[in-house]
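Novice: First, the structure itself, so that you have it in front of you.
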Amino acid sequence: AVSSVLYGDRLGLMLDYIDPEAQHFIDCITVMFKTTSPMLYIPPGLLRQIGAKVWRDHVEAWDGIFNQGRTQEEATRMTFTL
């Protein structure tokens, strides 16, 4: 329902068939939550400097989340400009 509020559209995450883009979004959210916990105890700047896997996974997850947001934003914008 959050996507309905933000984008005026449902992502279809509760359907039997989940679109691969939607599944990628779900996976990114899962990774983001899993990698946040270790970064509460180890400074993110240190993790970034040493190129830790947890940091790389966290950044990649956020990239996927923001890409999904951009995709939804562009689709919403196209709806209103037509």
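Under this note's numbering, think of the first position of the sequence shown as 244, with each following residue one higher.
For glycine and all other residues, C-beta sits at the position ideal for the given N, C-alpha and C.
1. Buried or exposed: which applies to Thr324, given that a residue is buried once 16 or more other Cβ atoms fall within 10 Å of its Cβ?
2. Rounded to the nearest angstrom, how far is the Cβ of Thr278 from that of Asp300, given a contact under 8 Å?
3. Count the other CB atoms within 10 Å of the CB of Val248; is the residue buried (16 or more) or exposed (fewer)?
4. Going by C-alpha to C-alpha distance, which of Ile269, Met257 and Ile293 sits closest to Gln311?
5. Got a sec, what are the start and stop residues for the alpha helix (DSSP H) Ile293 sits in?
Specialist: For this structure:
1. Result: exposed.
2. 5 Å between Cβ atoms; contact.
3. The pLDDT assigned to Val248 is 46, lower than 50, so where the model puts this residue is not dependable, and the model offers no usable value.
4. Selected option, being the one with the closest Cα: Ile269.
5. It spans Pro287 to Ile293 - the alpha helix (DSSP H) in which Ile293 sits, taken as one unbroken run.
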